[in-house]
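Peer 1: The following block contains the structure, expressed as structure tokens.
There are 2 protein chains.
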Amino acid sequence: MCNFLFLLALGVPQASETLTSSGVFLLQMGWGDLGAFGEPSKETPNLDQMAAEGMLFLDFYTANPLCSPSRAALLTGRLPVRNGFYTTNGHARNAYTPQDIVGGIPDSELLLPELLKKAGYINKIIGKWHLGHRPQFHPLKHGFDEWFGSPNCHFGPYDSRERPNIPVYRDWEMVGRYYEDFKIDLKTGEANLTQLYLQEALDFISKQQASQQPFFLYWAIDATHAPVYASKQFLGTSQRGLYGDAVREIDDSVGKILNHLQQLGISENTFVFFTSDNGAALISAPKQGGSNGPFLCGKQTTFEGGMREPAIAWWPGHIPAGGVSHQLGSVMDLFSTSLSLAGLQPPSDRQIDGIDLLPVILQGKLIDRPIFYYRGNELMAVRAGLYKAHYWTWSNSWEEHSKGIDFCPGQSVSGVTTHTQEEHTYLPLLFHLGRDPGEKFPLSFASEEYQQAVERISGLVQQHRATLVPGQPQLNVCDQAVMNWSPPGCEKLGKCLKAPESDPKKCSWPH
Amino acid sequence: MCNFLFLLALGVPQASETLTSSGVFLLQMGWGDLGAFGEPSKETPNLDQMAAEGMLFLDFYTANPLCSPSRAALLTGRLPVRNGFYTTNGHARNAYTPQDIVGGIPDSELLLPELLKKAGYINKIIGKWHLGHRPQFHPLKHGFDEWFGSPNCHFGPYDSRERPNIPVYRDWEMVGRYYEDFKIDLKTGEANLTQLYLQEALDFISKQQASQQPFFLYWAIDATHAPVYASKQFLGTSQRGLYGDAVREIDDSVGKILNHLQQLGISENTFVFFTSDNGAALISAPKQGGSNGPFLCGKQTTFEGGMREPAIAWWPGHIPAGGVSHQLGSVMDLFSTSLSLAGLQPPSDRQIDGIDLLPVILQGKLIDRPIFYYRGNELMAVRAGLYKAHYWTWSNSWEEHSKGIDFCPGQSVSGVTTHTQEEHTYLPLLFHLGRDPGEKFPLSFASEEYQQAVERISGLVQQHRATLVPGQPQLNVCDQAVMNWSPPGCEKLGKCLKAPESDPKKCSWPH
Chain A
1 MCNFLFLLAL GVPQASETLT SSGVFLLQMG WGDLGAFGEP SKETPNLDQM
51 AAEGMLFLDF YTANPLCSPS RAALLTGRLP VRNGFYTTNG HARNAYTPQD
101 IVGGIPDSEL LLPELLKKAG YINKIIGKWH LGHRPQFHPL KHGFDEWFGS
151 PNCHFGPYDS RERPNIPVYR DWEMVGRYYE DFKIDLKTGE ANLTQLYLQE
201 ALDFISKQQA SQQPFFLYWA IDATHAPVYA SKQFLGTSQR GLYGDAVREI
251 DDSVGKILNH LQQLGISENT FVFFTSDNGA ALISAPKQGG SNGPFLCGKQ
301 TTFEGGMREP AIAWWPGHIP AGGVSHQLGS VMDLFSTSLS LAGLQPPSDR
351 QIDGIDLLPV ILQGKLIDRP IFYYRGNELM AVRAGLYKAH YWTWSNSWEE
401 HSKGIDFCPG QSVSGVTTHT QEEHTYLPLL FHLGRDPGEK FPLSFASEEY
451 QQAVERISGL VQQHRATLVP GQPQLNVCDQ AVMNWSPPGC EKLGKCLKAP
501 ESDPKKCSWP H
Chain B
1 MCNFLFLLAL GVPQASETLT SSGVFLLQMG WGDLGAFGEP SKETPNLDQM
51 AAEGMLFLDF YTANPLCSPS RAALLTGRLP VRNGFYTTNG HARNAYTPQD
101 IVGGIPDSEL LLPELLKKAG YINKIIGKWH LGHRPQFHPL KHGFDEWFGS
151 PNCHFGPYDS RERPNIPVYR DWEMVGRYYE DFKIDLKTGE ANLTQLYLQE
201 ALDFISKQQA SQQPFFLYWA IDATHAPVYA SKQFLGTSQR GLYGDAVREI
251 DDSVGKILNH LQQLGISENT FVFFTSDNGA ALISAPKQGG SNGPFLCGKQ
301 TTFEGGMREP AIAWWPGHIP AGGVSHQLGS VMDLFSTSLS LAGLQPPSDR
351 QIDGIDLLPV ILQGKLIDRP IFYYRGNELM AVRAGLYKAH YWTWSNSWEE
401 HSKGIDFCPG QSVSGVTTHT QEEHTYLPLL FHLGRDPGEK FPLSFASEEY
451 QQAVERISGL VQQHRATLVP GQPQLNVCDQ AVMNWSPPGC EKLGKCLKAP
501 ESDPKKCSWP H
């Protein structure tokens with residue numbers, strides 16, 4: 001039987017006892033954070049090895065320069081403006097799922113694990129969910145079979161009066177809280193969470209291999225997200241400081257996971273993809289922030305530094321070693337690609353933005369498709385081929401900037417990294433990302449090259465806008481009452497807290 | 001017999017018929033221009049392969065952020081402030097050898113080929129010499145046996161009245177001039193010079209192999225120096241535009257040269273080093289300028305973008321494949337390393353700044369040594385370990401900057417990329433290049449880390465300054481009469497021009 005059903009084969013193992021599995025690594029890291037992508041301290045031997053054995057994507061994008069919307073896009077294959085992971089509280093404002101958010105992933109969305117489940121997959125998420133923390137948004141209600149991790153970011157510590165510490169779940173119930181039961185030392189940066197997440201991954205893989213069940217593992221760790229942390233054995237080991245320590249621990253973990261797959265003899269049956277949910281947060285640099293290599297700005301922006309991501313596909317025996325692809329890729333493609341590997345069809349009742357990358361990965365094809373750069377409710381920029389047109393520019397407001405909040409530290413391109421929202425709808429700013437990957441030299445409006453490229457891109461925009469049906473925005477309303485006061489399982493632990501009265505209001509999204 | 005005399009063995013081949021040879025590639029390219037260093041279009045498969053088979057240096061420096069002084073430093077193993085390749089016409093001004101320069105490499109300097117000659121080497125320079133073009137500075141008077149290339153930059157075309165076109169030499173005599181006999185089409189960027197230089201290299205290597213003579217080949221090409229050029233077959237083939245076309249042609253040439261060594265069976269007897277004489281000239285970006293990856297600014301500055309260079313050592317069978325070194329290295333080390341390979345001692349009557357890198361390359365050792373960043377006559381900055389202290393900062397003057405001359409386009413770090421020369425002697429600006437490779441976040445003066453690091457670096461500076469004997473500055477005087485009016489051999493070609501009367505004056509160095 002054809003082994004093409006590699007990743008997401010239906011039901012039980014094939015006659016050949018092929019185990020068909022998939023793993024996605026997702027974390028907050030910049031394009032320039034890996035040795036294979038030119039990080040000058042070159043401290044990621046395992047990821048570099050993964051790249052050498054697999055395929056490196058140099059033009060791979062997230063769907064949004066912020067965590068929650070990107071993750072929602074990955075799991076639904078749809079832009080945040082469709083799946084509801086955006087806000088209309090302000091123009092072009094980024095929004096995510098802090099613990100006072102009321103919204104989350106709508107039931108109407110079909111998530112990758114829900115679809116894979118029908119094909120017999122056991123799905124596990126390890127790490128940060130970030131698609132809403134109220135009961136109806138729980139990952140096990142959206143296709144995952146297992147979960148170990150947290151619903152929100154590991155911010156804290158909180159005082160349990162104004163704000164409870166974020167819970168950590170095992171499956172349906174919480175098993176403790178960050179800073180209380182799962183320590184993060186903000187002074188030293190020590191926390192053993194990555195080790196816990198690693199062990200979870202290894203155990204899950206072993207279990208699936210033993211039971212010969214195909215699996216989908218979504219390893220969504222967050223050690224490189226501020227507050228950055230690393231285990232004791234990695235603290236102080238990097239040239240890059242605490243952030244580098246965290247990267248090294250993740251690199252080590254990836255090596256151990258890939259090695260585990262090989263030891264168990266299932267590496268040729270496991271499609272693994274490594275990428276990030278947004279660019280490095282330069283606002284946290286250098287202590288807690290990574291590198292976007294030669295690209296402009298970082299997280300929160302629709303410049304390349306905010307949305308171009310490191311990406312590696314690994315599947316020994318199928319993907320030729322050492323491959324390099326210039327395919328314009330998106331995290332949303334992982335949705336479509338996984339379905340394709342499973343022999344499943346994507347849902348036909350809705351627009352799917354992801355494309356099937358298998359022809360790219362297995363046959364080296366290049367598929368012509370645009371990349372849309374959204375910030376909240378606004379289409380800020382579009383890339384087609386090597387051209388990128390900005391229809392709106394801004395980094396953040398003067399007000400924020402004057403307080404020292406800087407998404408582009410050390411970088412300033414006049415008229416480009418603007419601190420007011422500037423519209424360029426009628427004369428978009430155009431860059432050639434081959435000659436000018438750093439978006440520093442807008443093409444002359446008068447040039448023929450400009451006119452040809454903009455004409456093409458504007459056609460794509462028109463088509464996109466004409467067919468766009470925005471989803472109900474999920475990230476508009478906040479309410480202290482919905483915070484993690486009494487998550488399921490809190491009673492057993494004596495960790496239930498009293499919620500304040502409900503007082504829903506518009507969330508404030510400053511940038 | 002021990003094969004340790006690999007590179008520069010004395011006299012004729014050993015009993016084992018070992019041919020001991022060396023090649024240095026030197027060109028104007030930025031740290032971030034190679035795929036192996038994270039260039040996002042990854043168009044250098046041959047150089048990346050060279051790195052995979054050899055050792056990648058991530059912390060390798062040139063001796064000056066400008067061409068002539070760097071090349072003089074490489075060939076003498078000495079800082080430009082010692083060998084005379086600097087100016088005292090203005091404080092901290094860069095200077096080089098345009099065709100009206102009066103000075104050049106002093107006879108008192110001992111060049112690498114002069115020393116190797118004594119050990120039986122045949123030495124050839126292909127490409128740009130740049131150590132002075134008046135008769136006494138001719139490369140064949142300084143140890144080279146053969147030359148094909150030009151004494152100065154390929155600027156032009158000139159009108160032969162105000163300024164003659166730069167000659168191209170074969171050995172002692174000119175064989176034509178740029179733009180006249182060696183075409184460079186400034187409109188299309190077409191020129192077949194790299195192909196000529198490639199063929200010269202292949203022929204020279206073949207000849208040396210046939211005669212079993214050890215050789216030193218210095219392949220100092222200049223296609224990536226503005227005006228950037230490429231051969232017809234490479235024009236339009238790069239994502240990166242003309243600059244990328246030139247890089248691709250160089251990459252292809254390097255591949256052909258390494259392949260030739262392998263075909264001839266002498267790759268294991270040939271130590272090859274690839275590096276650059278200064279960072280990418282961002283002032284020429286994006287059309288004619290490369291990338292310095294994550295580093296600050298470019299050519300002309302003493303920020304990392306101006307002086308940290310791509311560097312690869314290749315020596316199959318000796319250097320373990322895939323090695324990566326964090327050794328602080330310098331182009332001046334190529335002088336000392338080559339002598340060491342030849343079993344020769346460096347001259348003992350003068351200060352040599354280069355160190356022998358063999359323990360690093362062959363045994364993976366790390367040698368503690370500082371890097372001094374000079375701009376003209378001023379020590380601007382010093383690196384020790386991961387710390388870099390700036391004693392002076394400036395990019396260029398406000399006057400130049402206001403005319404659009406920008407060495408840091410899109411980059412601006414307050415108080416760092418200054419447009420006045422700012423002295424920090426008593427409180428140097430300190431950066432940790434591991435956590436902050438982009439030199440964007442100066443350490444707090446009050447921190448213990450600052451005090452410890454600056455104390456150490458200041459000790460190194462004191463020691464360096466106390467023993468420094470500056471050479472007679474060679475780049476102070478310019479005179480139209482010394483231009484390439486009638487280079488040797490011009491009579492045979494009918495290409496002699498009449499020189500104007502001598503009118504020496506101080507050269508003007510704007511930055």
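Residue numbers (the UniProt record's numbering), protein chains in the order written: chain A, 1 to 511; chain B, 1 to 511. We put the CB at the ideal spot given by N, CA and C, even for glycine.
My parser needs the alpha helix (DSSP H) runs of 4 or more residues fully inside the stretch 119-159 of chain A; what are they?
Peer 2: DSSP runs (the alpha helix (DSSP H)) wholly in the stretch 119-159 of chain A: none.
Peer 1: Can you find a CB in chain B that lies within less than 8 Å of the CB of V324 (chain A)?
Peer 2: If you number the first sequence from 1, residue 324 (chain A) lands on position 324. So yes, V324 (chain A) belongs to the interface.
Peer 1: Give me the residue from B:Q49, B:S336, B:A285 with the minimum Cα distance to Q411 (chain B).
Peer 2: Here residue 411 (chain B) refers to the residue found at position 411 when the second sequence is read from its first residue. Out of B:Q49, B:S336, B:A285, B:A285 has the C-alpha closest to the C-alpha of Q411 (chain B).
Peer 1: In three-state terms, what does DSSP make of R350 (chain B)?
Peer 2: Working through the second sequence from its first residue, we reach residue 350 (chain B) at position 350. Correct three-state label for R350 (chain B): coil.
Peer 1: Here's a check: name, in chain order, each residue in its chain whose Cβ is nearer than 7 Å to the Cβ of V102 (chain B), leaving out the five neighbours to either side.
Peer 2: Looking up residue 102 (chain B) in the second sequence gives position 102. So the qualifying residues of the chain are V477, C478, D479, V482, P504.
Peer 1: Assuming P310 (chain B) contacts G438 (chain B) under a Cβ cut-off of 8 Å, what Cβ separation, rounded to an integer in Å, is found between them?
Peer 2: To locate residue 310 (chain B), count along the second sequence from 1; it is residue 310. To locate residue 438 (chain B), count along the second sequence from 1; it is residue 438. So it is not a contact: roughly 17 Å between Cβ atoms.
Peer 1: To the nearest angstrom, how far is it from the Cα of V272 (chain A) to the Cα of L296 (chain A)?
Peer 2: Counting from 1 along the first sequence, the entry for residue 272 (chain A) is found at position 272. Counting from 1 along the first sequence, the entry for residue 296 (chain A) is found at position 296. Distance between the alpha carbons of V272 (chain A) and L296 (chain A): 28 Å.
Peer 1: Note down the Cα distance separating D368 (chain B) from A384 (chain B), rounded to an integer number of angstroms.
Peer 2: For the purposes of this step, residue 368 (chain B) is taken as the residue at position 368 of the second sequence. For the purposes of this step, residue 384 (chain B) is taken as the residue at position 384 of the second sequence. Approximately 8 Å between the Cα atoms of the pair.
Peer 1: So that I know if they touch, is there some Cβ in chain C lying closer than 8 Å to that of F303 (chain A)?
Peer 2: Of the protein chains in this structure, namely A and B, none is chain C.
Peer 1: Tell me the DSSP secondary structure of R240 (chain B) in three-state form.
Peer 2: In the second sequence, counting from the first residue as 1, residue 240 (chain B) sits at position 240. R240 (chain B): coil per DSSP, three-state reduction.
Peer 1: When you compare the stretch 439-453 of chain B with the stretch 313-328 of chain B, are there three or more beta-carbon pairs, one atom per stretch, that lie closer than 8 Å?
Peer 2: Touching, no, given that fewer than three Cβ pairs across the two stretches are closer than 8 Å.
Peer 1: I'd like to know whether the C-beta of V413 (chain B) is nearer than 8 Å to at least one C-beta of chain A.
Peer 2: As a first step, residue 413 (chain B) must be located in the second sequence, where it is residue number 413. So yes, V413 (chain B) belongs to the interface.
Peer 1: Quick one: list the residues of chain B neighbouring G434 (chain A), beta-carbon separation under 8 Å, in chain order.
Peer 2: Within the first sequence, residue 434 (chain A) is the residue found at index 434, counting from 1. Chain B residues near G434 (chain A): S41, S238, Q239, R240, G241, G244.
Peer 1: Look at the alpha carbon of V254 (chain A) and the alpha carbon of F303 (chain B), and state the distance between them as a whole number of angstroms.
Peer 2: The count along the first sequence starts at 1 and reaches residue 254 (chain A) at position 254. The count along the second sequence starts at 1 and reaches residue 303 (chain B) at position 303. Each residue's alpha carbon lies about 35 Å from the other.
Peer 1: Going by other Cβ atoms of all chains shown within 10 Å of its Cβ, with 16 needed for buried, is P164 (chain B) buried or exposed?
Peer 2: Here the question's residue 164 (chain B) lines up with position 164 in the second sequence. So P164 (chain B) ends up on the buried side.
Peer 1: In or out: K365 (chain B) buried (at least 16 other Cβ within 10 Å) or exposed?
Peer 2: Along the second sequence, one-based indexing puts residue 365 (chain B) at 365. It is exposed - the Cβ of K365 (chain B) has fewer than 16 other Cβ atoms within 10 Å.
Peer 1: Which residue spans inside the stretch 37-93 of chain B form an unbroken alpha helix (DSSP H) run of at least 4?
Peer 2: If we require 4 residues or more, the alpha helix (DSSP H) runs fully inside the stretch 37-93 of chain B come out as 45-53, 67-76, 80-83.
Peer 1: By the DSSP assignment, the alpha helix (DSSP H) with T467 (chain A) in it spans what residues?
Peer 2: Locating residue 467 (chain A) in the first sequence gives position 467, where the first residue counts as 1. Counting along the chain, the alpha helix (DSSP H) containing T467 (chain A) begins and ends at 448-467.
Peer 1: What number of angstroms, rounded off, separates the C-alpha of R248 (chain A) from the C-alpha of S238 (chain A)?
Peer 2: By 1-based counting over the first sequence, the position of residue 248 (chain A) is 248. By 1-based counting over the first sequence, the position of residue 238 (chain A) is 238. Between R248 (chain A) and S238 (chain A), the C-alpha separation is close to 7 Å.
Peer 1: Alpha carbons only, please: which of A:A63, A:V461, A:Y96, A:L443 is nearest the one belonging to L131 (chain A)?
Peer 2: Sequence index remark: in the first sequence, residue 131 (chain A) carries index 131 (1-based). Nearest of A:A63, A:V461, A:Y96, A:L443 to L131 (chain A), Cα basis: A:Y96.
Peer 1: Quick check on the burial criterion: 16 or more other C-beta atoms within 10 angstroms. Buried or exposed for A389 (chain B)?
Peer 2: The sequence position of residue 389 (chain B) within the second sequence is 389, counting from 1. So A389 (chain B) ends up on the buried side.
Peer 1: List, in order along the chain, the chain A residues whose C-beta lies closer than 7 Å to that of L47 (chain B)?
Peer 2: Residue mapping note: residue 47 (chain B) aligns to position 47 of the second sequence, counting from 1. Per Cβ cutoff of 7 Å: no residues; L47 (chain B) is ~13 Å from chain A at best.
Peer 1: Quick check on R465 (chain A): buried or exposed, where buried means 16 or more other Cβ atoms within 10 Å of its Cβ?
Peer 2: The count along the first sequence starts at 1 and reaches residue 465 (chain A) at position 465. By the neighbour-count rule (16 or more Cβ atoms within 10 Å), R465 (chain A) is not buried but exposed.
Peer 1: Which residues in chain A have a C-beta closer than 7 Å to the C-beta of S291 (chain B)? List them in chain order.
Peer 2: Locating residue 291 (chain B) in the second sequence gives position 291, where the first residue counts as 1. Simply P294.
Peer 1: Between the C-alpha atoms of Q262 (chain B) and P45 (chain B), what's the straight-line distance to the nearest angstrom?
Peer 2: Looking up residue 262 (chain B) in the second sequence gives position 262. Looking up residue 45 (chain B) in the second sequence gives position 45. Approximately 17 Å, taken between the alpha carbons.
Peer 1: Given a cut-off of 8 Å on the beta-carbon distance, is the pair L427 (chain B) and P442 (chain B) in contact?
Peer 2: Numbered from its first residue, the second sequence carries residue 427 (chain B) at position 427. Numbered from its first residue, the second sequence carries residue 442 (chain B) at position 442. The answer is no: Cβ separation not under 8 Å.
Peer 1: Can you tell which of A:Y179, A:K287, A:L497, A:L47 has the C-alpha that lies nearest to the C-alpha of I440 (chain B)?
Peer 2: Reading the second sequence from its first residue, position 440 is the one you call residue 440 (chain B). Looking at the sequence itself, residue 440 (chain B) is Lys, so the reference to Ile does not match. Looking at the Cα atoms, A:K287 is the closest of the given residues.
Peer 1: When we look at the beta-carbon of W398 (chain A) and count the other beta-carbons within 10 Å, is it buried (16 or more) or exposed?
Peer 2: Residue numbering aside, residue 398 (chain A) sits at position 398 when the first sequence is read from its first letter. Per the 10 Å Cβ criterion, exposed.
Peer 1: Which of helix, strand or coil does DSSP assign to V477 (chain A)?
Peer 2: Within the first sequence, the letter at position 477 stands for residue 477 (chain A). In this structure, V477 (chain A) counts as strand in the three-state DSSP scheme.
Peer 1: Taking contact to mean 3 or more Cβ pairs, one atom from each stretch, closer than 8 Å, check whether the stretch 127-145 of chain B and the stretch 211-227 of chain B are in contact.
Peer 2: At 8 Å Cβ cutoff, the stretches touch.
Peer 1: Hey, how far is the Cα of S336 (chain B) from the Cα of K118 (chain B)?
Peer 2: Here residue 336 (chain B) refers to the residue found at position 336 when the second sequence is read from its first residue. Here residue 118 (chain B) refers to the residue found at position 118 when the second sequence is read from its first residue. Rounded to whole angstroms, S336 (chain B) to K118 (chain B) spans 15 Å at the Cα level.
Peer 1: Give the DSSP bridge partners of L258 (chain B), in chain order.
Peer 2: The residue labelled residue 258 (chain B) in the question sits at position 258 within the second sequence. None; L258 (chain B) has no bridge partner.
Peer 1: Buried or exposed: which applies to T76 (chain A), given that a residue is buried once 16 or more other Cβ atoms fall within 10 Å of its Cβ?
Peer 2: Taking the first residue of the first sequence as 1, we reach residue 76 (chain A) at position 76. By the 10 Å Cβ count, T76 (chain A) comes out buried.
Peer 1: I need the boundaries of the alpha helix (DSSP H) containing K207 (chain A), first residue and last residue.
Peer 2: Numbered from its first residue, the first sequence carries residue 207 (chain A) at position 207. That run of the alpha helix (DSSP H) goes 193-210.
Peer 1: Which residue comes first and which comes last in the beta strand (DSSP E) that contains W314 (chain B)?
Peer 2: The residue labelled residue 314 (chain B) in the question sits at position 314 within the second sequence. Taken as a continuous stretch (DSSP letters only), the beta strand (DSSP E) holding W314 (chain B) covers 308-314.
Peer 1: Determine which residues share a DSSP beta bridge with R170 (chain B) and list them.
Peer 2: Within the second sequence, numbered from 1, the residue matching residue 170 (chain B) stands at position 170. DSSP output for R170 (chain B) lists B:F148, B:E173 as bridge partner(s).
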